[in-house]
Amino acid sequence: MADAASNRPSLALHVPEPKSRPGDPVDFTEVHVPDAGAQPRPDEAAKPEEMRDLAYTLVRVLGDDDQAHGPWDPKLDPETLRTMLGHMAMVRAFDERMFRGQRQGKTSFYMKCTGEEATSVAASMALASDDMVFPSYRQQGILIARGYPLIEMINQIYSNAGDKLKGRQLPIMYSSREHSFFSISGNLATQTPQAVGWAMASAIKGDSRIAATWVGEGSTAEGDFHSACTFASVYNAPVILNVINNQWAISSFSGFAGAERTTFAARALGYGIAGLRVDGNDALACFAAQQWAANRARANQGPTLIEYFTYRAEGHSTSDDPSGYRSAQEREEWPLGDPIMRLKKHLIAIGEWDEERQQAMDLACAEEVKKTTKEAEKNGILGHGLHHPFHTMFEDVFEELPWHLQEQAKQATREREIKWPDQHPKDFAGEGAGK
Amino acid sequence: MSDTVEKNTKDTSMVNGRRMNMIEAINDALDIMLERDPDVIVMGEDVGYFGGVFRCTAGLQEKHGKTRVFDTPISECGIIGVAVGMGAYGLRPVPEIQFADYIYPGLDQLISEAARLRYRSAAEYIAPLTVRSPFGGGIFGGQTHSQSPESIFTHVSGLKTVIPATPYDAKGLLISCIEDNDPVIFFEPKRIYNGPFSGFYDKPVEPWKKHAASEVPEGYYKIPLGKARTVQEGEALTVLAYGTMVHVAEAVAKEKGVDAEILDLRTLVPLDIEAIEASVKKTGRCLIVHEATRTSGFGAELSALVTERCFYHLEAPVERVTGFDTPYPHSLEWAYFPGPVRIGEAMDKILKD
Numbered sequence: 019m020a021d022a023a024s025n026r027p028s029l030a031l032h033v034p035e036p037k038s039r040p041g042d043p044v045d046f047t048e049v050h051v052p053d054a055g056a057q058p059r060p061d062e063a064a065k066p067e068e069m070r071d072l073a074y075t076l077v078r079v080l081g082d083d084d085q086a087h088g089p090w091d092p093k094l095d096p097e098t099l100r101t102m103l104g105h106m107a108m109v110r111a112f113d114e115r116m117f118r119g120q121r122q123g124k125t126s127f128y129m130k131c132t133g134e135e136a137t138s139v140a141a142s143m144a145l146a147s148d149d150m151v152f153p154s155y156r157q158q159g160i161l162i163a164r165g166y167p168l169i170e171m172i173n174q175i176y177s178n179a180g181d182k183l184k185g186r187q188l189p190i191m192y193s194s195r196e197h198s199f200f201s202i203s204g205n206l207a208t209q210t211p212q213a214v215g216w217a218m219a220s221a222i223k224g225d226s227r228i229a230a231t232w233v234g235e236g237s238t239a240e241g242d243f244h245s246a247c248t249f250a251s252v253y254n255a256p257v258i259l260n261v262i263n264n265q266w267a268i269s270s271f272s273g274f275a276g277a278e279r280t281t282f283a284a285r286a287l288g289y290g291i292a293g294l295r296v297d298g299n300d301a302l303a304c305f306a307a308q309q310w311a312a313n314r315a316r317a318n319q320g321p322t323l324i325e326y327f328t329y330r331a332e333g334h335s336t337s338d339d340p341s342g343y344r345s346a347q348e349r350e351e352w353p354l355g356d357p358i359m360r361l362k363k364h365l366i367a368i369g370e371w372d373e374e375r376q377q378a379m380d381l382a383c384a385e386e387v388k389k390t391t392k393e394a395e396k397n398g399i400l401g402h403g404l405h406h407p408f409h410t411m412f413e414d415v416f417e418e419l420p421w422h423l424q425e426q427a428k429q430a431t432r433e434r435e436i437k438w439p440d441q442h443p444k445d446f447a448g449e450g451a452g453k
Numbered sequence: 461m462s463d464t465v466e467k468n469t470k471d472t473s474m475v476n477g478r479r480m481n482m483i484e485a486i487n488d489a490l491d492i493m494l495e496r497d498p499d500v501i502v503m504g505e506d507v508g509y510f511g512g513v514f515r516c517t518a519g520l521q522e523k524h525g526k527t528r529v530f531d532t533p534i535s536e537c538g539i540i541g542v543a544v545g546m547g548a549y550g551l552r553p554v555p556e557i558q559f560a561d562y563i564y565p566g567l568d569q570l571i572s573e574a575a576r577l578r579y580r581s582a583a584e585y586i587a588p589l590t591v592r593s594p595f596g597g598g599i600f601g602g603q604t605h606s607q608s609p610e611s612i613f614t615h616v617s618g619l620k621t622v623i624p625a626t627p628y629d630a631k632g633l634l635i636s637c638i639e640d641n642d643p644v645i646f647f648e649p650k651r652i653y654n655g656p657f658s659g660f661y662d663k664p665v666e667p668w669k670k671h672a673a674s675e676v677p678e679g680y681y682k683i684p685l686g687k688a689r690t691v692q693e694g695e696a697l698t699v700l701a702y703g704t705m706v707h708v709a710e711a712v713a714k715e716k717g718v719d720a721e722i723l724d725l726r727t728l729v730p731l732d733i734e735a736i737e738a739s740v741k742k743t744g745r746c747l748i749v750h751e752a753t754r755t756s757g758f759g760a761e762l763s764a765l766v767t768e769r770c771f772y773h774l775e776a777p778v779e780r781v782t783g784f785d786t787p788y789p790h791s792l793e794w795a796y797f798p799g800p801v802r803i804g805e806a807m808d809k810i811l812k813d
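So the sequence lines, in the order shown, correspond to chains A and B. Add 18 to a position in the first sequence, counting from 1, and you land on the number used in our numbering. Add 460 to a position in the second sequence, counting from 1, and you land on the number used in our numbering.
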């Protein structure tokens, strides 16, 4: 309790507050945007302390003139750049359609990654297809860049009879072993020590594959992230820890994860890990940083923590309305622009693209998503009966069904027969689907 | 195979085996599995060079190398988390948590990740971990070296919970756990690492070498998960117990001259419900004994199952003898511990009707 007799100064608790709230003018003056190309590219075997400054600046390649600059320019051929742009455009088209699908009641939930497409698409394109990724829920770009069929994504979102995960998981919690894409969990940051463990396993076996994980800046406050960094450092694990700093964790601005005092990349230094801070809306910088870190990991030079400085342009999820906690102007005035626009302008600037082709591509993406959505709807939408058989609810809890789950499975089947007495199990919608 | 071996141990003469305490039996199981399966990894705080604070991993790093058996940072969340990642890669990690009392920082990784990975990925990824951890009281361990948190894990869908009560079982069950493709919590009753404990704390403790179950066969053998062991047959009442309490219940029944049928459950999930039902239907009376606190302890589940399945065979209410609903005390250890007085009183009560 406060001691009135004391002459010591009173302590004061600091509670962070964002620069602007709904209706306020936006102030991004504290966001320092260095010139593209001005950041040195250290040797991939550099000691973390030798590249300290890179944790406090922004690695940038694409300048205001839409040209690529400096030592971080990955010098990708135009075809690869167009592929990258195409994947990012597809992610955006997919997000638009799925968001609408949720509003139409076809599914319960969706999360867009608008404005952050480069941090998953461009970054993952710098990895080998069999490098293992441990994503959070906002890296759908990795699946699209790795060629995961859109219909599988939509089936999962609809929890329908075609859903590979048998309707067990909340929409967007994808999993694809075939694409070296780890099962997404709702529990934040748990994937970060898992990625480190996978990388340690790869090293134990003398393999050449590496692991990469993605986590939001808000989730870096979880204890798991600290464990991940510690283990990655201790065992020199071949892992890349990607932190997507999109400024917001639902309604909490990045100050509640510690951004008022330092950068997220700077945390790497305390662990003795290489730290890079990257313009997350610059697809070339995202690619280059991931490639640098991948080369470092592959050469047994250890882990890298990369902070992607970006902006979550939309609400947190379909259950969130950002107008309740932040200024709508933020998105308009975000100083790093839009990742798709910037890559598009770059391709145009180097004479490898034009507005007509862009329009045609956007249209083609929208058409393909629309067509695939219709295809997926044949397998059902959420709550319309086309789901997996009741018995599948009890499978895969363990490798084999123990007696108590066998008993409970019989109970569920009995309840179905009471509820729908006229339907033979074989006629029952969805029964046998997915088998 | 395990049946044959089981018969052998009932012999007082040793056949192809040697006397081991529980620590040596666990060490032997880990050694065998490290040898047999190049994907088995043993790790945890102090388990590597030093060989573990209870010596369970002594000599393993020297024999199998430091990429197979290694020390970890003091981070239970990290230990379990990296083990889940190793499992996803295809390894078979056997992480150690130094005391069950310190497993809580790893709970999110166990409950939200390891236990659900197979289910949520429709078996694309599995978590074949065996988390070893010393548990239980009776050693003046106070609040944070005595706990029995098994019911936290038995309540989680997707986890198996295994507790041995003898060196023979410890080795055979641990090998089964390591080979099992589901995540297993393997709780080692540290009170009986060196010898079975009767609960009569003022009497000298016998070392394992005088006990028949300390005869441990050489080499590889398994004891199936989900199968209880009949410690002794009896007609008067059924005692359901596991870990240290198996030996305490046995000693009390002997001292009181009660013709008890004692089941060592060995695996709590999946439970050997058939053995429980058969025994209780035979005796008509059931006593459940565990060290863990009473409310919502595993005894409550056992009591409910016995009542649901054996109600018309019961001649007395099912009784539970457990630790009290307090944190584990230091100086009042023997007042807390569910020892001979508490068990004896419960037996009298059940047999009175």
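Note that CB positions come from ideal geometry on N, CA and C, so glycine has one too. Computed from a prediction, not measured in an experiment: that's the story for all the values here.
Based on the DSSP output, what are the partners of residue i in its beta bridges?
i	result
Ile722(B)	Gln692(B), Val699(B)
Cys746(B)	Thr698(B)
Trp266(A)	Phe271(A)
Asn260(A)	Trp232(A), Ile324(A)
Thr727(B)	Val622(B)
Glu675(B)	Arg479(B)
Thr753(B)	Gly783(B)
Val801(B)	None, per the DSSP bridge assignment.
Can you pull the chain A residues whose beta carbon is under 8 Å from the beta carbon of residue i, in chain order?
i	result
Asp642(B)	Phe416, Glu417
Tyr702(B)	The premise fails here: Tyr702(B) is roughly 17 Å from chain A at the closest Cβ pair, so nothing lies under 8 Å.
Arg580(B)	Leu183, Arg186, Gln187, Met191, Ser193, Ser201, Ser203
Leu577(B)	Ser201
Glu573(B)	Ser203, Asn205, Thr208, Gln212
Gly618(B)	Val415, Phe416
Pro730(B)	Phe416, Pro420, Trp421, His422
Which residue comes first and which comes last in the beta strand (DSSP E) that contains residue i?
i	result
Val554(B)	552-556
Lys779(B)	Checking the sequence shown, residue 779(B) turns out to be Glu, not Lys. Its beta strand (DSSP E) spans residues 779-783.
Asp297(A)	292-297
Met411(A)	Premise fails: Met411(A) is in no beta strand (DSSP E) and is neither H nor E.
Phe530(B)	529-531
Val500(B)	500-504
Which residues in chain B sit within 8 Å of residue i, going by Cβ to Cβ distance?
i	result
Asp460(A)	Since the first and last residues shown for chain A are 19 and 453, residue 460(A) lies out of range.
Trp216(A)	Gly545, Met546, Ala548, Tyr549
Pro167(A)	Simply none; closest approach about 15 Å.
Ala144(A)	Simply none; closest approach about 21 Å.
Strictly below 9 Å CB to CB, what residues from chain B border residue i?
i	result
Gln429(A)	Near Gln429(A) there are no residues of chain B at all, since even the closest Cβ is about 13 Å away, more than 9 Å.
Ala56(A)	Within 9 Å Cβ-Cβ: nothing; Ala56(A) doesn't reach chain B, min ~37 Å.
Are any of the Cβ atoms in chain D nearer than 8 Å to that of residue i?
i	result
Tyr585(B)	Annotation note: the requested chain D is absent from the structure, which comprises protein chains A and B.
Name, please, each residue of chain A whose Cβ falls closer than 7 Å to the Cβ of residue i.
i	result
Asp568(B)	Asn205, Thr208
Thr527(B)	Ile222
With distances taken between CB atoms, is the gap from residue i to residue j smaller than 8 Å?
i	j	result
Asn178(A)	His405(A)	yes
Met480(B)	Pro643(B)	no
Leu725(B)	Ala806(B)	no
Pro321(A)	Val542(B)	no
Gln569(B)	Thr208(A)	yes
Phe282(A)	Glu235(A)	yes
Ser617(B)	Ala575(B)	yes
Which chain A residues sit within Cβ distance under 9 Å of residue i?
i	result
Gly764(B)	Per the sequence presented here, residue 764(B) reads as Ala, with Gly not at that position. Residues of chain A passing the Cβ test: none, with the nearest at roughly 12 Å.
Gly686(B)	Pro420, Trp421
Gly504(B)	Within 9 Å Cβ-Cβ: nothing; Gly504(B) doesn't reach chain A, min ~13 Å.
So which residues of chain B does residue i contact, with C-beta pairs closer than 7 Å?
i	result
Pro248(A)	One detail in the question is off: residue 248(A) reads as Thr in this sequence, not Pro. Those within 7 Å of Thr248(A) in chain B are Pro533, Ser535, Gly538.
Val252(A)	Pro533
Ser456(A)	Nothing in the structure corresponds to residue 456(A), since chain A is present only between 19 and 453.
What span of residues does the alpha helix (DSSP H) with residue i cover, start to end?
i	result
Met218(A)	209-222
Arg592(B)	No alpha helix (DSSP H) holds Arg592(B); the beta strand (DSSP E) holding it covers 590-595.
Thr390(A)	373-395
Asn313(A)	301-316
**Message:** To test your reading of the DSSP string, which unbroken alpha helix (DSSP H) runs of 4 or more residues are found completely within the region 84-157 of chain A?
**Reply:** Counting only runs of 4+ residues, the alpha helix (DSSP H) found wholly inside the region 84-157 of chain A occupies 96-121, 135-143, in chain order.
**In chain order, each alpha helix (DSSP H) run of at least 4 residues that lies wholly inside the region 599-653 of chain B** = Runs of the alpha helix (DSSP H) inside the region 599-653 of chain B: 610-614, 627-639.
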